[in-house]
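Just so you know, we're using my numbering here: the sequence shown kicks off at 139 and counts up by one. Working notes, structure below.
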Amino acid sequence: MEQTLMEKIISLCKRRGFIFPGSEIYGGFAGLWDYGPYGVELRHRIKQYFWDKFIKEREDVYPLSAAILMPERVWEASGHTELFTDPLVECKICNERVRADQPEAISDHEKKHSGEKMTWSEPRVFNLLVETKLGASEATSSKAYLRGEITQGVHVNFKNILDSMHPKLPFGIGQIGKAFRNEITPRDFLFRQREFEQMELQYYVKPDEVTAQETFEYWKQFALDWYYGLGFKPGNLRLRQHALDERAHYAKDAWDIEYEMPDVGWKEAWGIHHRGDWDLRRHSEYSKVDMSYFDEETKEKMIPWDIECSGGVDRAVLFTLMEAYTEDELGEEKRVYLKLKPFLAPVLCAVSPLLKNKPELQEKARNVFGMLKKEFGNVAYDDNGNIGKRYRRQDEIGTPWCIVIDFDTLENDTVTIRDRDTGQQERVPTGELVSYIKERLSV
Ligand code: ATP
Numbered sequence: 139m140e141q142t143l144m145e146k147i148i149s150l151c152k153r154r155g156f157i158f159p160g161s162e163i164y165g166g167f168a169g170l171w172d173y174g175p176y177g178v179e180l181r182h183r184i185k186q187y188f189w190d191k192f193i194k195e196r197e198d199v200y201p202l203s204a205a206i207l208m209p210e211r212v213w214e215a216s217g218h219t220e221l222f223t224d225p226l227v228e229c230k231i232c233n234e235r236v237r238a239d240q241p242e243a244i245s246d247h248e249k250k251h252s253g254e255k256m257t258w259s260e261p262r263v264f265n266l267l268v269e270t271k272l273g274a275s276e277a278t279s280s281k282a283y284l285r286g287e288i289t290q291g292v293h294v295n296f297k298n299i300l301d302s303m304h305p306k307l308p309f310g311i312g313q314i315g316k317a318f319r320n321e322i323t324p325r326d327f328l329f330r331q332r333e334f335e336q337m338e339l340q341y342y343v344k345p346d347e348v349t350a351q352e353t354f355e356y357w358k359q360f361a362l363d364w365y366y367g368l369g370f371k372p373g374n375l376r377l378r379q380h381a382l383d384e385r386a387h388y389a390k391d392a393w394d395i396e397y398e399m400p401d402v403g404w405k406e407a408w409g410i411h412h413r414g415d416w417d418l419r420r421h422s423e424y425s426k427v428d429m430s431y432f433d434e435e436t437k438e439k440m441i442p443w444d445i446e447c448s449g450g451v452d453r454a455v456l457f458t459l460m461e462a463y464t465e466d467e468l469g470e471e472k473r474v475y476l477k478l479k480p481f482l483a484p485v486l487c488a489v490s491p492l493l494k495n496k497p498e499l500q501e502k503a504r505n506v507f508g509m510l511k512k513e514f515g516n517v518a519y520d521d522n523g524n525i526g527k528r529y530r531r532q533d534e535i536g537t538p539w540c541i542v543i544d545f546d547t548l549e550n551d552t553v554t555i556r557d558r559d560t561g562q563q564e565r566v567p568t569g570e571l572v573s574y575i576k577e578r579l580s581v
């Protein structure tokens, strides 16, 4: 049977050092994945792109990195201890628990018992927060939670940002970091994990419907454009408004950016939420610290409203891989390659000597490699196997260019540079390699 795209990607990720099952030598651990050398590079580049566009290139957004562990009181204030729940049902044959609102998970489980007479328990709510304890002894330790969303780390620091940075509304606080959810049915590789990363912006505005609506529209489009910037084909992403009964407890309005996952269907990539004053108001009430903002010009005191852009890093990695995965025929041979935008590629270019056992080719190749590595950083030296094998390996990693040093290089100081997508080779003077790559890197 033909593998699904997801299966092909999971297998490529393991074979080529992108992503491995968590704690694999102990049989794996559901909902947890470890990033290998190329996966971590790809993820890093996606995060950097978020950092650049949402934070670094702007004057109105401050970066933050808050702690993962937060006390119970934070989550009571944010409403998560009470309301951060999913419905679950339990199989009466094997006691496995499954999300009651996920038809695929239910039918996958029913298939395991085909031919048996199985029933489900009544649905009940299940809290997703991951709990732990901090403190040296049982008696003095206190309950803490690994954050279920990185958002709260921003809200609890709102006053610190006001007092230290003295920002004027509107302004934002951006953050990237791990979040943890005890998902009932972790599934679909990186899509639904128990430990994952989020990249978020909380953008605070004056509490006014018109301003909030305009800001909401602005960030919806900004986030969608950002996603397309990762290289998605037109039409493969869409914006969808949540129905009233889908919205999280804090949301006055909510839209998702969705990606059409091949073999699966439209799935959430980002959430853009109008959180109103929910978080700051609740933290003011629960902490007894005044979280209001004072407008020097109008002399008004107010609790700002928050427009949130909340993106999953790992979902961006998965969707980027799905979008980039390509099978074609080159020179009558089937091949697989990752059509990643060059700025995302874990390896920007690979340098090889045509033959491994010729010291003069090796020496020149090491020189070219050293020059490019100094300039770009993520450059590989690859002299394993024959040239054909190297091309295949670099194609699967998504390396945009392979540079080969051959006997002509020793004569006229030019190299061949092969384009990943077309397989075409060009001869380029060694001295022009850096500008050749730079020109194409920014596209
Ligand atoms: P879903 O409905 O798919 O459970 P959500 O609406 O609960 O997602 P949010 O709370 O809005 O998600 O979180 C913001 C983003 O964090 C999501 O758009 C998604 O990209 C990411 N995310 C949420 N849960 C997970 C998870 N279990 N694994 C990986 N990424 C996740």
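Every residue gets a Cβ at the ideal spot worked out from N, C-alpha and C, and that includes glycine.
Should residue i and residue j be called a contact, given that it needs their Cβ atoms to be closer than 8 Å?
{"i": "Glu534", "j": "Arg154", "result": "yes"}
{"i": "Leu492", "j": "Leu486", "result": "no"}
{"i": "Lys583", "j": "Glu210", "result": "No statement about residue 583 is possible, as the shown extent of the chain runs from 139 to 581 and does not include it."}
{"i": "Gly310", "j": "Asp198", "result": "yes"}
{"i": "Gly169", "j": "Gln331", "result": "yes"}
{"i": "Pro113", "j": "Met440", "result": "Residue 113 lies beyond the range of the chain shown here (139 to 581); nothing can be said about it."}
{"i": "Arg235", "j": "Glu228", "result": "yes"}
{"i": "Thr552", "j": "Gln563", "result": "no"}
{"i": "Leu266", "j": "Gly286", "result": "yes"}
{"i": "Ile525", "j": "Val506", "result": "no"}
{"i": "Ala454", "j": "Ala386", "result": "no"}
{"i": "Ala215", "j": "Tyr424", "result": "yes"}
Does DSSP classify residue i as helix, strand or coil?
{"i": "Lys191", "result": "helix"}
{"i": "Thr358", "result": "Reading off the sequence, residue 358 comes out as Lys, not Thr. In this structure, Lys358 counts as helix in the three-state DSSP scheme."}
{"i": "His251", "result": "coil"}
{"i": "Gly312", "result": "strand"}
{"i": "Pro324", "result": "coil"}
{"i": "Glu338", "result": "strand"}
{"i": "Ile410", "result": "strand"}
{"i": "Glu145", "result": "helix"}
{"i": "Gly569", "result": "helix"}
{"i": "Pro241", "result": "helix"}
{"i": "Ile231", "result": "coil"}
{"i": "Ala350", "result": "helix"}
{"i": "Arg556", "result": "strand"}
{"i": "Val402", "result": "coil"}
{"i": "Asp224", "result": "strand"}
{"i": "Arg196", "result": "coil"}
{"i": "Leu202", "result": "strand"}
Roughly how many angstroms separate the alpha carbons of residue i and residue j, rounded to a whole number?
{"i": "Phe370", "j": "Asp428", "result": "44 Å"}
{"i": "Ser161", "j": "Val343", "result": "44 Å"}
{"i": "Ile575", "j": "Met256", "result": "60 Å"}
{"i": "Asp292", "j": "Tyr283", "result": "First, the residue type needs correcting, since residue 292 is Val and not Asp in the sequence shown. Straight-line Cα distance between these residues: approximately 16 Å."}
{"i": "Arg196", "j": "Tyr164", "result": "45 Å"}
{"i": "Met460", "j": "Met144", "result": "8 Å"}
{"i": "Leu150", "j": "Phe156", "result": "8 Å"}
{"i": "Asp383", "j": "Lys390", "result": "12 Å"}
{"i": "Trp213", "j": "Gln379", "result": "26 Å"}
{"i": "Lys194", "j": "Pro159", "result": "33 Å"}
{"i": "Arg420", "j": "Leu221", "result": "14 Å"}
{"i": "Ala462", "j": "Tyr475", "result": "8 Å"}
{"i": "Phe192", "j": "Met303", "result": "18 Å"}
{"i": "Leu307", "j": "Ile299", "result": "12 Å"}
{"i": "Tyr519", "j": "Lys494", "result": "12 Å"}
{"i": "Ser580", "j": "Leu482", "result": "11 Å"}
{"i": "Pro480", "j": "Ile288", "result": "30 Å"}
{"i": "Ser259", "j": "Leu339", "result": "40 Å"}
{"i": "Arg376", "j": "Pro567", "result": "44 Å"}
{"i": "Lys496", "j": "Lys477", "result": "32 Å"}
{"i": "Glu396", "j": "Glu276", "result": "45 Å"}
{"i": "Tyr431", "j": "Pro400", "result": "46 Å"}
{"i": "Asp172", "j": "Ser245", "result": "28 Å"}
{"i": "Ile206", "j": "Glu333", "result": "11 Å"}
{"i": "Trp443", "j": "Lys297", "result": "14 Å"}
Count the other CB atoms, across all protein chains shown, that sit within 10 Å of the CB of residue i; report buried if there are 16 or more and exposed otherwise.
{"i": "Asp394", "result": "buried"}
{"i": "Asp190", "result": "exposed"}
{"i": "Asp411", "result": "What sits at residue 411 in the sequence shown is His, not Asp. Buried, because 16 or more other Cβ atoms sit within 10 Å of the Cβ of His411."}
{"i": "Asp415", "result": "buried"}
{"i": "Glu577", "result": "exposed"}
{"i": "Pro201", "result": "exposed"}
{"i": "His247", "result": "buried"}
{"i": "Arg413", "result": "buried"}
{"i": "Asp363", "result": "exposed"}
{"i": "Gly569", "result": "exposed"}
Check your understanding: Taking only runs of the alpha helix (DSSP H) that begin and end inside the segment 466-542, which ones reach a length of at least 4 residues, in chain order?
Key -> Complete alpha helix (DSSP H) runs here, min 4: 497-514 and 525-535.
Practice item. Entirely within the segment 370-398 and at least 3 residues each: give me those beta strand (DSSP E) ranges in chain order. Key: Counting whole runs of 3 or more residues, the segment 370-398 contains the beta strand (DSSP E) stretches 375-379.
Practice item. Let me know the alpha helix (DSSP H) ranges lying completely inside the segment 152-186, each 4 residues or longer, listed in chain order. Key: Listed in chain order, there is nothing to give.
Exercise for review: Let me know the alpha helix (DSSP H) ranges lying completely inside the segment 262-293, each 4 residues or longer, listed in chain order.
Suggested key: Here the runs fully enclosed are 289-293.
Check your understanding: Considering only residues of the segment 414-456, which uninterrupted alpha helix (DSSP H) runs meet the minimum length of 4 residues and lie entirely inside it, listed in chain order?
Key -> Qualifying alpha helix (DSSP H) stretches, in chain order: 416-425.
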